[in-house]
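A.B. asks: So for the sequence shown, the numbering used here puts the first residue at 85; every next one is plus one.
Backbone N, C-alpha and C define an ideal beta-carbon position, used for all residues, glycine too.
Quantities reported herein were computed from a predicted structural model and do not represent experimental measurements.
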Amino acid sequence: MFNKTGKFFLLFMSLSLIFFIASSTIFIASCTRNPSVTAKQAGKDDSVNEIDLNGKQLIEVVAKSGGYYPKSIDAKASVPSMLRIKSENAYSCERAFVIPQIRVSAILPINGITDIEIGTFDAGTRLIGTCSMGMYSFVINFN
């Protein structure tokens with residue numbers, strides 16, 4: 085059915101997937117709720133992050149086929165942060181999400197919410213979130 089090159093490719097891809105899943109540290113709390121109102125529909129600007137009563141900053145990103153939105157996010161430095169990724173019909177590689185700088189990875193649901201504690205960062209820090217293939221990305225700038 086497969087020639088020698090095809091078998092090697094399948095083996096390579098299988099091992100790559102296993103390595104990706106096994107070698108990454110996952111700091112993830114996931115749920116599958118679907119809020120009916122988005123930040124834009126509620127009149128909020130996508131680049132403004134909320135601070136909850138526990139003093140955590142909520143950074144929101146939408147993952148959908150074709151990438152992550154917004155592409156650039158400004159966040160407050162020295163504030164504990166949680167990244168909330170809202171998946172909307174995500175059927176492509178954007179589901180295999182990573183932030184290599186802090187060793188975070190997650191397989192996002194096709195539709196739903198994924199919350200990831202990312203910690204506190206100094207001013208000037210730039211975190212880059214990307215799909216595992218590097219095709220789609222976004223940046224969080226801490227100021």
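In three-state DSSP terms, what is residue 123?
C.D. replies: Mapped onto the sequence shown, residue 123 falls at position 39. The predicted position of residue 123 is uncertain, since its pLDDT is 38 and thus under 50; a value taken from the coordinates is nonetheless stated next. Of the three classes helix, strand and coil, the one that applies to residue 123 here is coil, per DSSP.
A.B. asks: Is residue 214 a contact residue of the ligand PLP, with contact defined as CB to any heavy atom under 8 Å?
C.D. replies: As far as ligands go, the structure on display features none, and thus does not contain the ligand PLP.
A.B. asks: Less than 6 Å between C-beta atoms, sequence neighbours within five positions excluded: which residues of the same chain meet that for residue 167?
C.D. replies: Against the sequence shown, residue 167 aligns to sequence position 83. Closer than 6 Å at the Cβ level, and outside the excluded window around residue 167, lie 143, 200, 202.
A.B. asks: To the nearest angstrom, report how far apart residue 178 and residue 157 are at their CA atoms.
C.D. replies: Looking up residue 178 in the sequence shown gives position 94. Looking up residue 157 in the sequence shown gives position 73. Distance between the alpha carbons of residue 178 and residue 157 is about 18 Å.
A.B. asks: For residue 145 and residue 153, which I take to be in contact (beta-carbon distance under 8 Å), what is that distance rounded to the nearest angstrom?
C.D. replies: If you number the sequence shown from 1, residue 145 lands on position 61. If you number the sequence shown from 1, residue 153 lands on position 69. Indeed they touch by this definition, with Cβ atoms about 7 Å apart.
A.B. asks: Measuring only the C-alpha atoms, how far is residue 135 from residue 87?
C.D. replies: Stepping through the sequence shown from its first residue, residue 135 is reached at position 51. Stepping through the sequence shown from its first residue, residue 87 is reached at position 3. Cα to Cα, residue 135 sits roughly 56 Å from residue 87.
A.B. asks: Name the DSSP bridge partner or partners of residue 167?
C.D. replies: Here residue 167 refers to the residue found at position 83 when the sequence shown is read from its first residue. The partner list for residue 167 (beta bridge, DSSP) reads 143, 200.
A.B. asks: Could you tell me the alpha carbon to alpha carbon distance between residue 148 and residue 183, rounded to whole angstroms?
C.D. replies: On the sequence shown, position 64 is the one that residue 148 refers to. On the sequence shown, position 99 is the one that residue 183 refers to. So the alpha carbons of these two residues sit roughly 17 Å apart.
A.B. asks: Would you mind working out which of 215, 204, 216, 217 sits nearest residue 225, comparing C-alpha positions?
C.D. replies: In the sequence shown, residue 225 corresponds to position 141, counting from 1. When each option's Cα is compared against that of residue 225, the closest is 204.
A.B. asks: What does the alpha-carbon distance come out to for the pair residue 170 and residue 195?
C.D. replies: The sequence position of residue 170 within the sequence shown is 86, counting from 1. The sequence position of residue 195 within the sequence shown is 111, counting from 1. Those two C-alpha atoms are separated by around 7 Å.
A.B. asks: Residues in the same chain with beta-carbon distance under 7 Å from residue 175, minus the five sequence neighbours each way, listed in chain order, please.
C.D. replies: Within the sequence shown, numbered from 1, the residue matching residue 175 stands at position 91. Taken in chain order, the residues that qualify are 149, 194.
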